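Residue numbers (the working numbering), protein chains in the order written: chain V, 446 to 748; chain Y, 446 to 748. Note that the Cβ used here is the ideal one computed from N, Cα and C, for glycine as well. On a predicted model such as this, the values are computed, not experimentally measured, just so you know. Scroll down for the structure; my scribbles are underneath it.
2 protein chains.
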Amino acid sequence: MFSLPQLEAFVAVAEELHFGAAAVRLNMTQPPLSRQIQMLEKKLGTQLFGRTSRKVELTAAGATLLPRARQILDMCIKTDLDVRRVSSGEAGAITVGYTAIAGQSALPLMLRHAAESMPGVSFVLRELVSTDQMDGLVKGSVDIGLLRPIVARPGVVSRPLMKDRLVVALPEGSSLLGNMAAPQGAPLPLGSLDRLPLLMYSTKEARYFHDLVLRLFASAGAHANITQYASQVPALLAFVQAGLGVTLVPASAMAFAPAGVEFHEIDGRHGIQELNRVDLELAWNEETANPAVLRLLDLIESP
Amino acid sequence: MFSLPQLEAFVAVAEELHFGAAAVRLNMTQPPLSRQIQMLEKKLGTQLFGRTSRKVELTAAGATLLPRARQILDMCIKTDLDVRRVSSGEAGAITVGYTAIAGQSALPLMLRHAAESMPGVSFVLRELVSTDQMDGLVKGSVDIGLLRPIVARPGVVSRPLMKDRLVVALPEGSSLLGNMAAPQGAPLPLGSLDRLPLLMYSTKEARYFHDLVLRLFASAGAHANITQYASQVPALLAFVQAGLGVTLVPASAMAFAPAGVEFHEIDGRHGIQELNRVDLELAWNEETANPAVLRLLDLIESP
DNA sequence: AAACATTCATACCTTTACTGGATTGTTAAG
DNA sequence: CTTAACAATCCAGTAAAGGTATGAATGTTT
Numbered sequence: 446m447f448s449l450p451q452l453e454a455f456v457a458v459a460e461e462l463h464f465g466a467a468a469v470r471l472n473m474t475q476p477p478l479s480r481q482i483q484m485l486e487k488k489l490g491t492q493l494f495g496r497t498s499r500k501v502e503l504t505a506a507g508a509t510l511l512p513r514a515r516q517i518l519d520m521c522i523k524t525d526l527d528v529r530r531v532s533s534g535e536a537g538a539i540t541v542g543y544t545a546i547a548g549q550s551a552l553p554l555m556l557r558h559a560a561e562s563m564p565g566v567s568f569v570l571r572e573l574v575s576t577d578q579m580d581g582l583v584k585g586s587v588d589i590g591l592l593r594p595i596v597a598r599p600g601v602v603s604r605p606l607m608k609d610r611l612v613v614a615l616p617e618g619s620s621l622l623g624n625m626a627a628p629q630g631a632p633l634p635l636g637s638l639d640r641l642p643l644l645m646y647s648t649k650e651a652r653y654f655h656d657l658v659l660r661l662f663a664s665a666g667a668h669a670n671i672t673q674y675a676s677q678v679p680a681l682l683a684f685v686q687a688g689l690g691v692t693l694v695p696a697s698a699m700a701f702a703p704a705g706v707e708f709h710e711i712d713g714r715h716g717i718q719e720l721n722r723v724d725l726e727l728a729w730n731e732e733t734a735n736p737a738v739l740r741l742l743d744l745i746e747s748p
Numbered sequence: 446m447f448s449l450p451q452l453e454a455f456v457a458v459a460e461e462l463h464f465g466a467a468a469v470r471l472n473m474t475q476p477p478l479s480r481q482i483q484m485l486e487k488k489l490g491t492q493l494f495g496r497t498s499r500k501v502e503l504t505a506a507g508a509t510l511l512p513r514a515r516q517i518l519d520m521c522i523k524t525d526l527d528v529r530r531v532s533s534g535e536a537g538a539i540t541v542g543y544t545a546i547a548g549q550s551a552l553p554l555m556l557r558h559a560a561e562s563m564p565g566v567s568f569v570l571r572e573l574v575s576t577d578q579m580d581g582l583v584k585g586s587v588d589i590g591l592l593r594p595i596v597a598r599p600g601v602v603s604r605p606l607m608k609d610r611l612v613v614a615l616p617e618g619s620s621l622l623g624n625m626a627a628p629q630g631a632p633l634p635l636g637s638l639d640r641l642p643l644l645m646y647s648t649k650e651a652r653y654f655h656d657l658v659l660r661l662f663a664s665a666g667a668h669a670n671i672t673q674y675a676s677q678v679p680a681l682l683a684f685v686q687a688g689l690g691v692t693l694v695p696a697s698a699m700a701f702a703p704a705g706v707e708f709h710e711i712d713g714r715h716g717i718q719e720l721n722r723v724d725l726e727l728a729w730n731e732e733t734a735n736p737a738v739l740r741l742l743d744l745i746e747s748p
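Structure (structure tokens):
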């Protein structure tokens with residue numbers, strides 16, 4: 446196979462149609478240039494130039510080679526630049542894993558922020574529950590995770606990204622609370638949910654929320670009367686909207702609640718305040734070599 | 446800039462993810478392969494593989510390089526093949542110059558013949574008068590000429606391609622000939638055209654025909670009463686159709702004559718037969734380096 | 001736990017290939 | 001016939017590539 450310097454030499458000669466001039470352009474002397482062309486011709490098995498001592502002209506084969514040689518050289522230069530850009534983090538791709546809820550709050554914020562500061566970097570989005578994100582971070586199939594503070598696997602590090610809290614979601618104007626009804630938005634002690642039909646996070650896909658709700662109920666001395674399981678916040682809210690019961694959702698989920706649902710802060714007394722923390726973390730593999738990821742992490746740290 | 450062997454080495458390692466196996470595939474030993482990759486990384490200024498003594502994996506930069514490297518190598522192989530094909534005459538382009546009349550007779554014949562036997566070769570068609578074709582053949586802007594036997598320029602050789610003769614074209618059922626009228630297709634002595642309005646080839650663009658017609662008239666002792674000049678056969682036939690006069694056209698032009706025109710062979714007695722020869726020649730530059738042209742010439746010689 | 005196997009990196013040597021300078025050969029112009 | 005121009009050839013000197021032997025790191029097996 447021919448070599449890239451041979452193609453460069455060929456293009457120079459084809460453009461100058463003069464070995465001496467082409468040699469100057471290539472910062473070399475004429476004899477080795479002649480030899481390079483001869484080598485190229487030998488490798489291709491054909492004359493590329495018709496040349497006498499007075500003039501040089503392209504043959505049909507040479508005319509065929511010229512545009513292709515230019516194209517190959519251009520592609521090499523472009524490839525060189527692309528690889529450098531990716532290695533500097535200027536371009537590249539970041540695979541972001543995120544939970545369903547983060548997809549509605551932290552993810553858009555982060556993407557808006559990142560897309561502005563890192564044009565050229567594309568994001569691959571994968572909605573995954575926290576444990577699957579953790580697996581992905583270990584395997585390298587996920588670069589950045591937006592997940593709940595679950596047990597980290599070795600090599601994966603994280604930092605808090607958003608602090609959130611659970612709020613109570615009730616059917617609007619419901620009589621479930623009886624005479625304990627509170628005006629929209631007023632704090633509600635968890636005790637008032639005692640034995641009410643509770644729409645619960647599934648044990649498996651949303652264990653973090655499941656456990657947290659149970660802890661909160663226990664701490665308030667209330668009985669959790671679970672009547673329905675679901676793993677996604679929108680599903681739970683739809684049940685609430687239908688009047689099937691009450692549930693607890695992250696405050697950030699209020700923004701996309703359907704009509705017919707009212708929210709109340711949880712009364713923070715008796716130590717509930719400390720328990721009622723829904724954290725979202727940003728996690729990544731400590732040993733990630735993806736420069737775009739490193740840049741993104743810097744970006745999130747600094748401002 | 447990186448080199449093609451380096452790209453080949455990179456692709457092999459990226460596909461095998463194992464230096465030893467990649468080295469086998471490249472028919473070399475492992476240490477120089479490692480060095481080639483190191484060189485490539487140095488030239489690109491970045492790591493392409495994350496490697497320990499136990500495993501090899503692509504970095505983001507490496508993943509970016511892989512498809513581009515494959516593309517460059519593929520293009521090199523394809524270019525090599527294309528150049529060889531052109532140099533063997535298997536593919537390529539032939540610029541054919543042809544006169545207006547040849548464009549209606551010899552050219553389609555030749556193209557049909559050639560297109561069958563030389564798939565992959567494309568033809569660039571240029572309608573040119575014979576002298577311009579001759580210039581083009583010298584300059585190299587025309588590969589093959591279909592032209593009248595005019596004086597050849599140095600380096601241009603030719604061979605007869607088609608023998609033709611002139612025939613008389615008359616307005617159908619015309620009274621121009623008076624009582625000398627002949628049945629359709631019957632030979633007509635040129636003397637019967639004496640002093641009739643003659644539609645003539647222009648001196649400049651169709652000198653060959655112009656001179657030939659004059660010679661024929663002179664030889665028959667007839668007077669050429671020129672009433673109109675035109676350079677293209679169809680234009681002359683249109684005049685004949687309109688009843689403006691008579692003219693002489695190549696027999697091959699009868700095929701595309703308009704209705705309302707009748708043709709007669711020229712009576713060949715008194716030496717007219719020898720004069721009435723309209724030859725079409727195939728001409729090319731003796732030193733043409735275009736392999737497709739050489740193949741075409743062979744093709745025309747042999748069958 | 002220690003010996004072993006695997007695998008990539010390094011050191012050193014040999015061969016190959018490329019470069020630059022001087023020279024030659026050929027062709028067109030004065 | 002001489003000269004100028006230009007590509008090809010010859011001849012070292014040097015840079016690059018490949019091979020063998022060896023080392024270092026990390027799992028794996030006994």
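query	result
Is Ile-539/V closer than 9 Å to Asp-580/V when the C-beta atoms are compared?	no
Against chain Y, does Ser-479/V count as a neighbour if the rule is that its beta carbon must be under 9 Å from one of theirs?	no
Taking Gln-492/V as the query, report the chain Y residues whose CB atoms sit under 9 Å from its CB, ordered along the chain.	Ser-532, Ala-734
Check the Cβ of Ser-448/Y against every Cβ in chain V and list those closer than 7 Å, keeping chain order.	Ser-448, Leu-449
Output, in sequence order along the chain, the residues in the region 537-553 of chain V whose CB is closer than 7 Å to any CB in chain Y.	Gly-537
Which word fits Val-612/Y, buried or exposed, when buried means at least 16 other C-beta atoms lie within 10 angstroms of its C-beta?	buried
When the cut-off is 9 Å and only beta carbons count, does Arg-513/V lie next to chain Y?	yes
If you run the structure through DSSP and keep just helix, strand and coil, what is Ile-671/V?	strand
With distance defined between alpha-carbon atoms, name the residue in Phe-464/Y, Pro-605/Y, Ser-697/Y, Gln-718/Y nearest to Ala-614/Y.	Ser-697/Y
Indicate whether Pro-634/Y and Ala-505/V have their beta-carbon atoms separated by less than 9 Å.	no
Return the residues of the region 495-509 of chain V that lie within a Cβ-Cβ distance of less than 9 Å from chain Y, sorted by chain order.	Gly-495, Glu-502, Thr-504, Ala-505, Ala-506, Gly-507, Ala-508, Thr-509
Short check: CB of Gly-534/Y to CB of Val-501/Y, under 9 Å?	no
Name the residue from Pro-564/V, Asp-525/V, Leu-644/V, Gln-549/V whose alpha carbon lies nearest to the alpha carbon of Phe-447/Y.	Asp-525/V
Which stretch, first to last residue, makes up the beta strand (DSSP E) that contains Ala-536/Y?	No beta strand (DSSP E) contains Ala-536/Y, which DSSP labels as neither H nor E.
Quick check on Val-602/Y - is its C-beta less than 9 Å from some C-beta in chain V?	no
Below 9 Å between beta carbons: does that hold for Gly-700/V and Ser-550/V?	Before going further, note that residue 700/V is Ala rather than Gly in the sequence given. Contact: yes.
So, under 8 Å CB-CB, Glu-726/V and Leu-606/V are touching, yes? Tell me the CB distance rounded to an integer number of Å.	6 Å
Quick one: does Asp-724/Y have its CB under 9 Å from some CB of chain V?	no
Can you tell me the Cβ-Cβ gap for Val-541/V and Phe-568/V, rounded? I've got them flagged as a contact below 8 Å.	6 Å
Would you kindly work out how many angstroms separate the C-alpha atoms of Pro-553/Y and Leu-452/V, rounded to a whole number?	39 Å
Could you work out which residues of chain V lie near Ala-663/Y, taking near to mean beta carbons separated by less than 9 Å?	Near Ala-663/Y there are no residues of chain V at all, since even the closest Cβ is about 46 Å away, more than 9 Å.
Ala-704/Y: buried (16+ other C-beta within 10 angstroms of its C-beta) or exposed?	exposed
Between which two residues does the alpha helix (DSSP H) carrying Ala-665/Y extend?	652-665
Would you say Ile-522/Y faces chain V, with C-beta separation under 9 Å as the test?	yes
Look up Lys-608/V in the DSSP assignment and say whether it is helix, strand or coil.	strand
Considering only the beta carbon of each residue, do Leu-643/Y and Val-658/Y sit closer than 9 Å?	yes
So which residues on chain Y does Ala-700/V lean against when the C-beta distance must stay under 7 Å?	Simply none; closest approach about 34 Å.
Buried or exposed: where does Arg-557/Y fall if 16 or more other Cβ atoms within 10 Å of its Cβ makes it buried?	exposed
Where does the unbroken alpha helix (DSSP H) through Val-501/V begin, and where does it stop?	Not the alpha helix (DSSP H): Val-501/V falls in the beta strand (DSSP E), residues 501-503.
Please go through the same chain and pick out, in chain order, the residues whose beta-carbon is closer than 6 Å to the beta-carbon of Tyr-653/Y, but skip the five residues on each side of it.	Arg-593
Give a yes or no on whether 9 Å exceeds the smallest Cβ distance from Gly-585/V to chain Y.	yes
Would you grab the beta carbon distance between Ala-559/Y and Leu-744/Y for me? Rounded to a whole angstrom, and I think it's under 8 Å.	7 Å
I'd like the span of the alpha helix (DSSP H) that includes Ser-479/V, first residue to last.	475-489
Assuming Ser-479/Y and Phe-494/Y form a contact by the criterion Cβ under 8 Å, report the distance between their Cβ atoms to the nearest whole angstrom.	Contact doesn't hold; Cβ gap of about 10 Å is too wide.
DSSP puts Glu-572/V in a beta bridge; with which residues?	Tyr-543/V
Using a beta-carbon distance below 9 Å, is Arg-610/V in contact with chain Y?	no
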